[in-house]
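So the structure is just underneath, and the comments pick up after that.
In the numbering used here, the protein residues as written are 13 to 183.
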């Protein structure tokens with residue numbers, strides 16, 4: 013990258029790093045970080061060209077469902093995703109229950125031998141009916157940083173234009 017857009021590049025990098033750091037923090041605070049795969053997948057891709065720039069955020073595919081939520085058949089959320097006729101996959105839910113050490117109890121209150129598959133089916137039915145509440149772990153930090161970004165970007169892009177004009181007038 014040429015020296016022409018250093019200030020813009022710096023502002024966009026700061027923006028993206030803030031969004032990633034805050035998203036990771038919200039995942040941990042909301043106890044949505046069991047396997048760390050979503051946490052570790054959060055990243056960004058910034059390209060700054062002479063006349064334009066692009067910034068994209070990267071995460072595991074299921075991150076969108078965790079962020080925006082999913083409406084169930086009985087409980088609805090303001091989200092583009094919903095369960096209508098297909099239930100969520102059971103095995104990842106059973107694996108999650110095992111990682112969280114969730115176990116069933118018998119009539120006497122003793123833990124049953126680890127049948128995580130049964131727990132997976134119970135969770136599958138519950139999520140199908142109730143959905144997944146939106147966590148907004150990514151949306152909130154993005155909106156927060158975006159409110160500040162235009163001022164920073166205009167200021168820094170203006171500094172880059174000033175530098176470009178100074179450079180061209182000195183030649």
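Glycine included, each C-beta is placed from N, C-alpha and C at the ideal position.
Only a predicted model underlies this, so the values are computations on that prediction, with no experimental measurement involved.
Quick check: the Cα distance between residue 66 and residue 104, rounded to an integer number of angstroms? Per the coordinates, the alpha-carbon of residue 66 lies some 34 Å from the alpha-carbon of residue 104.
Distance between beta carbons of residue 91 and residue 80, contact taken as under 8 Å: 5 Å
Contiguous alpha helix (DSSP H) assignments of at least 4 residues, all confined to the stretch 83-115: 102-111
Run of the beta strand (DSSP E) containing residue 59, from where it starts to where it stops: 55-60
Taking a contact to mean a Cβ-Cβ separation below 8 Å, would you say residue 136 touches residue 102 in this structure? yes
Please list the terminal residues of the continuous alpha helix (DSSP H) segment that includes residue 150. No alpha helix (DSSP H) holds residue 150; DSSP gives it neither H nor E.
Can you give me the Cβ contacts of residue 28 inside the same chain, cut-off strictly under 7 Å, excluding the 5 residues immediately before and after it? 56, 58 and 67
Hey, residue 78 and residue 95 are a contact pair by Cβ (cut 8 Å); roughly how many whole angstroms apart? Going by Cβ atoms, the distance from residue 78 to residue 95 rounds to 15 Å, so no, they are not a contact pair.
Could you check what DSSP says for residue 132 in three-state terms: helix, strand or coil? helix
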